[in-house]
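Below is one structure, written out as structure tokens, with a few remarks after it.
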Amino acid sequence: MTDRNYALITGASSGLGKEFAIQCAQRGMNVLLIALPGGNTMSLAENLRLEYSVDVQAFEFDMTDSIELISRVNEIADNYNINFLINNAGVGGTSSILETSLERIDGIIQLNVRSTTLITRLLIPHLMKNDRSYIMNISSMAAFSPIAYKTVYPASKAFISSFSLSLREELSGTGVSVSVVYPGPIMTNSLTARRIIAQGFKGKMGLLPTRRIAEIAMDKTLERKSTIVPGYMNRINHFLMGLMPESMRLKIISRAVKKEIQYSLPA
Ligand SMILES: NC(=O)c1ccc[n+]([C@@H]2O[C@H](COP(=O)([O-])OP(=O)(O)OC[C@H]3O[C@@H](n4cnc5c(N)ncnc54)[C@H](OP(=O)(O)O)[C@@H]3O)[C@@H](O)[C@H]2O)c1
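For the sequence shown, the positions run 951 to 1217 when the working numbering is used.
Here you go:
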């Protein structure tokens, strides 16, 4: 076990997770990256090591495999002192429920819900060894309302929200602070970008660069804030949506989201 502290980031090879990796390294943190095999995680680790003179280690495995997840995370925690956990890995998509395969549905639940819960539970005793530690869980503004044609994804993100806030309360009085982030739309890859554009004005409202969202989420988490909605427009949107009856909100959001279906991955 080294005596250095590390930030562990899931889903760190691309999108928001990659941005977290860059910003942690820029802030002088040593970083542990987790992503699927076959991506660019190893080269990202190498680039960050060279550019920022911090230690960066990459681990490639499928987090939806619970047995592998438990064994790899235990091994990582035995070798590195983790004081910052960023639960970022998550998948979604837009399709009618009958056109969504069981595998896709299971994958969303396994990654967004089960792997996040297990990894957090496994690491809490390790995080508690430090005077101050942080857990940042990435939910979504989709957690604030049910949404037709996304069905399982908003439910998974509502789970993350409830889980994080419960945990924050339970761990208050320890050195571990839990924050939950609700990003609005992020153009993290070309498919997501096409889906956001397809929604028209509503989809693009509150759009912020990935880097800016990561920066806000990092700053507020390190300030030990409980809930984080990056971007002024998203906070206004959230407030206005909260004034509407749920049935009206559900219809308005679902109508906008339906336009995305054509850009969804094959079920
Ligand atoms: N994009 C948006 O508009 C948006 C809005 C609100 C919230 N969010 C949330 O923000 C987070 C990041 O989203 P993103 O758009 O940046 O995602 P992304 O670009 O699709 O990246 C997902 C990351 O998760 C990794 N990953 C996927 N399945 C995995 C698995 N089974 N095991 C291990 N790693 C896995 C991917 O690894 P590989 O690259 O190796 O496949 C990648 O590093 C998610 O929780 C998402 O729900 C996104």
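For each residue, glycine too, the CB sits at the ideal point set by N, CA and C. Quantities reported herein were computed from a predicted structural model and do not represent experimental measurements.
Short Cβ contact (7 Å threshold) for residue i with residue j
i, j, result
"Ser-1114", "Val-1130", "yes"
"Ser-1214", "Ser-1045", "yes"
"Val-1207", "Tyr-1099", "yes"
"Gly-1134", "Gly-1156", "yes"
"Phe-970", "Ala-1164", "yes"
"Val-1004", "Ala-985", "no"
"Arg-1144", "Val-1128", "no"
"Ile-959", "Ile-1036", "yes"
"Ser-1083", "Ile-1110", "no"
"Ile-1097", "Ile-1203", "yes"
Residue i to residue j span [Cα, whole Å]
i, j, result
"Pro-1195", "Asn-1187", "14 Å"
"Thr-1066", "Met-1198", "31 Å"
"Met-1000", "Leu-982", "Note that residue 1000 is Leu in the sequence shown, not Met. Distance between the alpha carbons of Leu-1000 and Leu-982 is about 15 Å."
"Ala-995", "Asn-1024", "21 Å"
"Val-1102", "Ile-1166", "27 Å"
"Asn-1070", "Gln-1060", "Before going further, note that residue 1070 is Thr rather than Asn in the sequence given. Each residue's alpha carbon lies about 14 Å from the other."
"Ile-1020", "Ala-957", "18 Å"
"Leu-1072", "Asp-1015", "15 Å"
"Gln-1007", "Leu-1158", "29 Å"
"Ile-1047", "Asn-1062", "18 Å"
"Ile-1055", "Gly-1181", "30 Å"
"Leu-1141", "Pro-1075", "38 Å"
"Ile-1085", "Met-1183", "25 Å"
"Lys-968", "Ser-1116", "27 Å"
"Arg-1205", "Asn-1080", "47 Å"
"Ile-1147", "Asn-1029", "44 Å"
"Leu-1193", "Leu-1052", "35 Å"
"Gly-961", "Asp-1012", "10 Å"
"Arg-1185", "Ala-1093", "14 Å"
Range of the contiguous beta strand (DSSP E) that encloses residue i
i, result
"Ser-1065", "Taken as a continuous stretch (DSSP letters only), Ser-1065 belongs to no beta strand (DSSP E), as it is neither H nor E."
"Ser-1051", "Counting along the chain, Ser-1051 falls outside any beta strand (DSSP E), and DSSP gives it neither H nor E."
"Met-1086", "1083 to 1088"
"Val-1131", "1126 to 1131"
"Leu-958", "955 to 960"
Cβ distance (whole Å) where residue i is taken to contact residue j below 8 Å
i, j, result
"Glu-1018", "Thr-991", "Actually they do not touch by this definition, with Cβ atoms about 16 Å apart."
"Val-1126", "Met-1078", "6 Å"
"Asn-1031", "Met-979", "Not really, about 12 Å apart at Cβ, beyond 8 Å."
"Leu-966", "Thr-1138", "6 Å"
"Ser-964", "Gly-988", "Rounded, the Cβ-Cβ distance is 12 Å, inconsistent with contact."
"Met-1191", "Gln-973", "Wrong, their Cβ atoms sit about 29 Å apart, outside the cutoff."
"Ile-1058", "Ser-993", "Wrong, their Cβ atoms sit about 28 Å apart, outside the cutoff."
Enclosing alpha helix (DSSP H) for residue i [first to last residue]
i, result
"Met-1013", "Careful: Met-1013 lies outside any alpha helix (DSSP H) and carries neither H nor E."
"Tyr-1002", "991 to 1002"
"Leu-1193", "1182 to 1193"
"Ala-1105", "1102 to 1121"
"Phe-970", "965 to 976"
"Leu-1035", "From DSSP, Leu-1035 is part of no alpha helix (DSSP H) but of the beta strand (DSSP E) over 1031 to 1037."
"Ile-1097", "Where Ile-1097 is concerned, there is no enclosing alpha helix (DSSP H), given that its DSSP letter is neither H nor E."
"Ile-1203", "1196 to 1208"
CB contact check: residue i to chain C, cutoff 7 Å
i, result
"Ile-1026", "Given the protein chain composition of this structure (a single chain), no chain C is represented."
Residue i beta carbon near ligand 2 (any heavy atom closer than 6 Å)
i, result
"Pro-1104", "No copy of ligand 2 appears in this structure; the ligands present are ligand 1."
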